[in-house]
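Peer 1: Next up is a structure, given as structure tokens.
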Amino acid sequence: MADQYLTISTIAGSWTMTQRITACAAQQAQDTPETWTAEHRWDWASTPNWATQWDYAVETHPPVEGEIYDPGADQTVITDQDILTRVQQLLGTS
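So, in structure tokens, the structure goes:
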């Protein structure tokens, strides 16, 4: 099944994912990592399987009173290696 568009939209709007992507872009020597991340938001957010991984994480982390689960901050959902691989693909350096 294809990734869900609503989940892709959620990933694209996630502050923590944006920060993680920006950090990776900066590490990969982007002159303006914030701008690059914003301009490529839909490209990285729609990476195959990311929405499926995100949805699974949400489904398997039931709400806990007083806490909000953030899949973007959970490095086991979309790993730093996943991010690095995608950023390098988009930069044409992989």
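Going by this note's numbering, the sequence shown opens with residue 3, and the numbers climb by one from there. By construction, the Cβ of each residue, glycine as well, lies at the ideal position given by its N, Cα and C atoms.
(1) Out of ALA75, THR87, SER48, GLY68, which has the shortest C-alpha to C-alpha gap to ALA59?
(2) Closest by CA to ARG43, which one among ASP57, THR24, ALA31?
(3) Taking only beta-carbon atoms, is LEU93 less than 8 Å away from chain D?
(4) If you drop the 5 nearest sequence neighbours on each side, which residues of the same chain put their C-beta closer than 7 Å to that of THR20?
(5) For ILE70, is the classification buried or exposed, using 16 other Cβ atoms within 10 angstroms of its Cβ as the cut-off for buried?
(6) Look up PRO73 in the DSSP assignment and say whether it is helix, strand or coil.
(7) For THR1, name the three-state secondary structure that DSSP assigns.
Peer 2: The structure says:
(1) ALA75
(2) THR24
(3) Looking for chain D here will not work: only one protein chain is present.
(4) THR39
(5) exposed
(6) helix
(7) Outside the displayed range of the chain (3 to 96) lies residue 1, so it cannot be described from this structure.
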